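According to our numbering, the sequence shown is numbered sequentially starting from 308.
In this text, a Cβ means the ideal position worked out from N, Cα and C, and glycines have one as well.
Nothing here was measured: the structure is a model prediction, and the numbers come from that model.
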Amino acid sequence: MNPYIEALRPKLSQPDYKKLCAISIPKVHEFIAKSADLCNAEQVFICSDSAQDIAYVRQQAITNNEEAPLKIQGHTIHYDGFYDQGRDRKATKYLVPKRVFLSKALNQIDRQEGLAEVKSLLRDSMRGRTMIARFLSLGPTNSVFTILGLQCTDSWYVAHSEDLLYRSGYEIFCQSGPDKDFLRVLHSAGKLNESMVSLEHEKKCIYIDYMDNTIYSVNTQYAGNSIGFKKLAFRLAIRKANTEGWLAEHMMLMGVHGPGGRRTYFAGAFPSACGKTSTAMLPGETILGDDIAYIREIDSIAKAVNVEAGIFGIIKDVNPIDDASIFNVLHNPGEIIFSNVLVENGKPYWLGMGSKLPKEGINFSGKWYEGKKDETGNAIPPAHKNARYAVTLKALENCDPELENPLGVELSGIMYGGRDTKAYVPVQQSFDWEHGIIAYGAALETETTFATVGKEGIPEINMMSIQDFISIPLGKNVRNNLEFGKKLEKQPLIFGVNYFLQDKEGDYVNDPRDKHVWVKWMELRVHNEADAIEAPTGYVPKYEDLRMLFKQVLDKEYSKEDYSKQFSIRIPENLAKIKRVREFYKKNVTYTPEVLFWVLNQQYERLLRAKENHGNYIPPEKF
Ligand code: SPV
Ligand code: MN
């Protein structure tokens, strides 16, 4: 007799009991039983991924008012609390054993102390509620990439979102032997108000117990804090990758379509709200993933898969001109969860959608009208900047056909891009793997955005766009990336991109759509079909190639003046950047490989030499 299943018995219906018994991994029973007991759930629902169970989860999200149906068939709206509109860095902590210190850049708390705190917040949190158990697969199923996950939650919205964003895992759990490893997440939205929104946001707690591969999250609903398999399990995956010699990255994946119908795969790391999804979604190309990738060396080739199967995308600025394909999806029948947008008359509205917004409706602040102010007297916008949509990738006409390939796709290029208004040119290629990892990846600088709770526009280093999620010493992450490259026979080319460069007046020097040209140029570089100029910071495109691509891709004339403005090497800004990066690694980072300083110093020297010869602002043709 399995004591954990027996303990759960009174909380399970007959079918749920059967579904649970079909899994023979004792740790599954233990985790569900202990979670139900701690949170004092009234019932436990075992979601088997059958069409019936999935439909039930969706219906319950609506019945319990966590979501409401919108006009278009399959669309629903969900709201998070006013103070729960993004990932919360302060509330997210690693539980670490005594005498372990992760890094100055990471939030940590003593494991025993943290477990006691989060468990006391979870205690009785599900009284009178149903706890849902969802079994998922991170990465394609039946693949060397697959990692299994189990989430227990009292939010039907969370359970429903997981259906759109991940691959079903119940059958794999059933087929697995008793020792099968899996990640665990326990989440409770905590006390709710009448709008079904987490009330005690100041007691929000998101703790990551890497000793036990378990995540605890309480008093929050925002998906980035509550859907354990997004950024929380990602932190555990980074640790696993670290010990096993592969890479878990905050990267989109896309197939770029080149001459003759060839498809060349790229990965791209961008901090949140810096153009990652819109790059992956470029019209005419195919999207394989928009957020998290696992990359492994297989037969000396870098192979990548999308950890997820859907998109939890920023909806702000999705308009018919810049993002036609997703705009279309958002206006047609099919399953979509909108969050934190303005709803009026059953229709969702968001900032930057390219048409006028109503002057009243319901939004993340409740009933909203133009001029409504928050507690501190600031005007509340009609929709939150971090309002989002959740949709399965398969709903997109430009979904890449290799999404479920268990072997992944061969990566030919990797891009790193941040919100850098001052220094780096819009696109450049590194001299080699080491230079790319260090000068573009490790040195990635950006400004904070609305995707995390807190002040916007603060410049910071965001190493490989992964810094919020890193769970190993930062320097070790740089080393892992450098080592990974050494295992490859054909290393992907590394590119630095920057969609946010500004001129002296503070205007962006590029149109958002220009990124399509950069992507096509990278594709040509992979196949040796475009030339480049060797500048101090990397290989930059030639004017003639860009002019041809602007015409081909965007039907735009590209002037020499624009080229000079965008691709001139700005010496003072680049020198200052290197100084900041060196400082950051000296001050905050342990295990930094010596070569990082060497590569940065070399770049510094190249910039100084260029300055001696050509001055402070150097058009590329001077090189
Ligand atoms: C991001 O902010 O990087 C996201 C959304 O992809 S989430 O991490 O889920 O908040
Ligand atoms: Mn992300």
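Going by C-alpha distance, which of the options is nearest residue i?
| i | options | result |
| --- | --- | --- |
| Leu493 | Asp470, Asn532, Glu509 | Asn532 |
| Lys397 | Ala837, Gly813, Lys510, Gln458 | Lys510 |
| Val648 | Val804, Lys827, Leu377, Leu907 | Leu377 |
| Arg919 | Asn908, Thr899, Ile878, Ile885 | Position check: residue 919 holds Glu in this sequence, whereas Arg was assumed. Glu919 has its Cα closest to that of Ile878, out of Asn908, Thr899, Ile878, Ile885. |
| Asp814 | Leu856, Gly567, Ile513, Lys729 | Lys729 |
| Ala895 | Ser357, Phe577, Leu413, Val636 | The sequence shown places Asn at residue 895, rather than the Ala named in the question. The shortest C-alpha separation from Asn895 is found at Leu413. |
| Pro640 | Glu337, Gln380, Lys318, Ser357 | Gln380 |
| Pro843 | Leu907, Glu501, Tyr870 | Leu907 |
| Lys400 | Leu637, Gly575, Asp775, Leu560 | Asp775 |
| Glu836 | Pro689, Lys822, Leu856 | Leu856 |
| Leu861 | His834, Arg832, Ile840, Trp825 | Trp825 |
| Phe442 | Leu499, Asp470, Leu718, Asp598 | Asp470 |
| Val785 | Val902, Ser871, Asn712 | Val902 |
| Ala253 | Gln350, Lys334, Gly565, Pro590 | This structure does not reach residue 253, given that the chain is present from 308 up to 930, and the question cannot be answered. |
| Asn787 | Asp461, Gly748, His382, Glu912 | Gly748 |
| Arg931 | Ala423, Glu841, Ile744, Val407 | Residue 931 cannot be examined here, being either before or after the span of the chain that is shown, 308 to 930. |
| Lys405 | Gly421, Tyr390, Val847, Lys411 | Gly421 |
| Asp323 | Met308, Pro310, Ser342, Asp360 | Asp360 |
Are there any heavy atoms of ligand 2 lying less than 8 Å away from the beta-carbon of residue i, as far as the coordinates show?
| i | result |
| --- | --- |
| Asp598 | yes |
| Lys783 | no |
| Lys583 | yes |
| Lys538 | yes |
| His557 | yes |
Ignore the nearest five residues each way along the sequence and tell me which others in residue i's own chain have a CB closer than 8 Å to its CB.
| i | result |
| --- | --- |
| Glu667 | Glu651, Lys674, Trp675, Tyr676, Glu677 |
| Glu604 | Gly552, Trp553, Lys610, Phe791, Lys794, Leu795 |
| Ala746 | Ser737, Gly803, Thr844, Gly845, Val906, Leu907, Gln910 |
| Lys811 | none |
| Lys762 | Thr755 |
Where do the N-terminal and C-terminal ends of the alpha helix (DSSP H) with residue i fall, by residue?
| i | result |
| --- | --- |
| Pro848 | Where Pro848 is concerned, there is no enclosing alpha helix (DSSP H), although the beta strand (DSSP E) it sits in stretches over 845-848. |
| Gln350 | Counting along the chain, Gln350 falls outside any alpha helix (DSSP H), though it belongs to the beta strand (DSSP E) covering 350-354. |
| Trp675 | Per DSSP, Trp675 belongs to no alpha helix (DSSP H); it is in the beta strand (DSSP E), 673-676. |
| Phe480 | 477-482 |
| Lys827 | 822-833 |
| Lys701 | From DSSP, Lys701 is part of no alpha helix (DSSP H); its letter is neither H nor E. |
| Val902 | 901-921 |
| Ala266 | Outside the shown range of the chain (308 to 930) lies residue 266, about which nothing can therefore be said. |
| His336 | 333-346 |
Along the beta strand (DSSP E) that carries residue i, what are the first and last residues, could you check?
| i | result |
| --- | --- |
| Asp417 | 415-417 |
| Met558 | 558-564 |
| Glu752 | 752-754 |
| Met438 | 437-445 |
| Gln859 | Unbroken run through Gln859: none, as it is neither H nor E. |
| Gln735 | 734-736 |
| Ile669 | 667-670 |
| Gln458 | 454-460 |
Could you tell me whether any non-hydrogen atom of ligand 1 is closer than 8 Å to the CB of residue i?
| i | result |
| --- | --- |
| Arg542 | no |
| Tyr601 | no |
| Gly393 | yes |
| Tyr850 | no |
| Ile534 | yes |
| Thr399 | no |
| Phe619 | yes |
| Tyr529 | yes |
| Thr683 | no |
| Thr755 | no |
| Ala616 | no |
| Ala609 | no |
| Thr586 | no |
| Thr759 | yes |
Leaving out five residues on either side along the sequence, give the residues of the same chain with a beta carbon under 7 Å from the beta carbon of residue i.
| i | result |
| --- | --- |
| Phe483 | Reading off the sequence shown, one finds Ser at residue 483, where the question assumed Phe. Correct list, in chain order: Ile332. |
| Ala580 | Ile621, Thr756, Phe757, Ala758 |
| Asn500 | Leu506 |
| Leu703 | Ile594, Ser632, Val636 |
Considering only heavy atoms of ligand 4, does any lie closer than 8 Å to the CB of residue i?
| i | result |
| --- | --- |
| Ser579 | Of the ligands one can find in the structure shown, namely ligand 1 and ligand 2, none is ligand 4. |
Once the 5 residues before and after residue i are set aside, which same chain residues still bring their CB inside 6 Å of it?
| i | result |
| --- | --- |
| Met829 | Gly720, Phe802 |
| Leu490 | Gly456, Asn520, Ala540, Leu543 |
| Pro819 | Asp629 |
| Val612 | Gly446, Pro447, Phe452, Tyr601, Gly715 |
| Gly393 | Asn693, Ala758, Thr759, Val760 |
| His691 | Gln392, Asn647, Phe671 |
| Ala555 | Ala544, Ile545, Ala548, Tyr601 |
| Ile633 | Met588, Val625 |
| Leu560 | Ala574, Leu595, Gly596, Ala600, Ala611, Asn613 |
| Asp306 | Outside the modelled stretch of the chain, which goes from 308 to 930, sits residue 306, for which no answer is possible. |
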